[in-house]
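Chains A and B supply the protein sequences, listed in that same order.
By the count of the working numbering, the first sequence reaches residue 244 at its end, each step adding exactly one.
By the count of the working numbering, the second sequence reaches residue 305 at its end, each step adding exactly one.
C-beta: ideal position from N, C-alpha, C; glycine also.
Below is one structure, written out as structure tokens; the observations come after it.
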Amino acid sequence: MWTWFYRLASPPYVYGVAATLTPWFLAGAALAIGYGEVVGLFFAPADYQQGDAFRIIYVHVPAGWISMFCYSTMAIAGAIAMIWRIKIGHAVAAAAAPIGASFTLLALVTGSLWGRPMWGTYWVWDPRLTSELILLFLYIGVMSLRSAFEDPARGDRAAALLGLVGGVNVPIIHYSVVWWNSLHQGATVAKFGKPTMALSMLVPLLACFLGFMLFFGAVLCMRLRGEVLKRERQAKWVQEAIKT
Amino acid sequence: VTSPDLNSGILAMGGYARFVWPSFAVALIIFAWNLWSAGNLHAAAKLRVARAAAMAPKKRA
């Protein structure tokens, strides 16, 4: 039953699977993002309150989603590496961190650009914005901690621990608009039973979600291949893999 | 050559062009950086392995 799980722990297997998946993920991402952004920008109707400024949603919301999804991936991979001593978990966590940091930055910048016309300011110390900023600091902390140790194994363990502890911030980000009075709008898409968006606006947004997820998958696979090579450079299979 | 008119048409985004287009430009930069840095990481790791292999003492036949 657990054969597949342990096969995933094998670096040569992961290296090969990542190589196979990357072009498919990239092609899917290009199609989904292309469709979502074009329809969202030029064909979806303008919002009755926010006008065309609402179109920022097509980058801001998927970026925010990826920032949290990527952190969860990083924390879970770190936990797997710590609990089962599966080294590939640390490689996944190391590969995910810069992607997550970049998408967190994107969510913050686009949120700020959206906030200016709607709230009259680029930044407020609102629970959602503040917790997202903390997420960016956590990513930076995890990356810095990993590279701060001379012994890479100790760096990996310390980064995994910080990643796990920081995981508490993910539900805080998600529920911040429910738990506290927030200037930030509440959930619009997460209510699958009854989304608060018109279908003509929702469909391109879902396409963007899918596209961002596939892009994340593609870049994670690409980075993971680099991480695996870096960590396994003494292994015989690596010498053979780079010849092909 | 005329520059795009940001005050009318589709580029104007109902008067929100200076907020909408920079958002998409930043997204494009983030996407490009992710692709470049991931490719770079893999290429650098490959190069390091190849160099290490070239420096390693060869076995006698």
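Through-space distance from residue j to residue i, alpha-carbon basis
| i | j | result |
| --- | --- | --- |
| A30/A | C208/A | 10 Å |
| P117/A | G111/A | 11 Å |
| L113/A | P171/A | 24 Å |
| D126/A | L138/A | 18 Å |
| F268/B | L255/B | 13 Å |
| G28/A | A218/A | 10 Å |
| V168/A | V177/A | 16 Å |
| A19/A | G259/B | 45 Å |
| W179/A | G186/A | 11 Å |
| F253/A | A94/A | As shown, chain A starts at 1 and ends at 244. That puts residue 253/A outside it, with no answer to give. |
| A300/B | G89/A | 29 Å |
| R7/A | G16/A | 12 Å |
| V245/B | A261/B | At V245/B, the pLDDT of 49 sits below 50, so the modelled position is not reliable; the number obtained from the coordinates is stated separately. Approximately 21 Å, taken between the alpha carbons. |
| R154/A | S10/A | 21 Å |
| D156/A | A46/A | 47 Å |
| T3/A | V14/A | 14 Å |
Proximal residues of chain D, C-beta to C-beta of residue i below 9 Å
| i | result |
| --- | --- |
| F209/A | The structure shown contains no chain D; its protein chains are A and B. |
Residue i vs residue j beta-carbon contact at 9 Å
| i | j | result |
| --- | --- | --- |
| M257/B | A53/A | yes |
| L205/A | V264/B | no |
| G34/A | G211/A | yes |
| L224/A | V59/A | no |
| Y71/A | G163/A | yes |
| L26/A | L214/A | yes |
| A75/A | G141/A | no |
| P12/A | A241/A | yes |
| V124/A | V270/B | no |
Nearest residue (CA-CA) to residue i, options the options
| i | options | result |
| --- | --- | --- |
| V238/A | F275/B, A294/B, Y260/B and A269/B | A294/B |
| L220/A | A298/B, L291/B, L285/B and R292/B | L285/B |
| L136/A | P45/A, G40/A, A97/A and F25/A | A97/A |
| G51/A | Q234/A, G226/A, M201/A and K243/A | M201/A |
| N181/A | A46/A, R128/A, T121/A and V38/A | R128/A |
| S281/B | K243/A, G226/A, I242/A and E240/A | G226/A |
| R85/A | A160/A, Y175/A, Y122/A and I99/A | A160/A |
| V39/A | T130/A, R157/A, I57/A and G155/A | I57/A |
### Message
Assess contact between the region 60-67 of chain A and the region 103-114 of chain A, defined as three or more Cβ pairs (one per stretch) separated by less than 8 Å. Is contact present?
### Response
By the criterion of at least three beta-carbon pairs nearer than 8 Å, the region 60-67 of chain A is in contact with the region 103-114 of chain A.
### Message
Whether or not the region 225-232 of chain A and the region 277-292 of chain B are in contact is what I'm after, with contact meaning three or more pairs of Cβ atoms, one per stretch, closer than 8 Å; do they touch?
### Response
Contact between the region 277-292 of chain B and the region 225-232 of chain A is present: three or more C-beta pairs spanning the two stretches fall below 8 Å.
### Task
Go through the region 157-217 of chain A residue by residue and report every complete run of the alpha helix (DSSP H) that reaches 4 residues or more, in order.
Residue ranges of uninterrupted alpha helix (DSSP H) with 4 or more members, entirely inside the region 157-217 of chain A and ordered along the chain, are 169-179.
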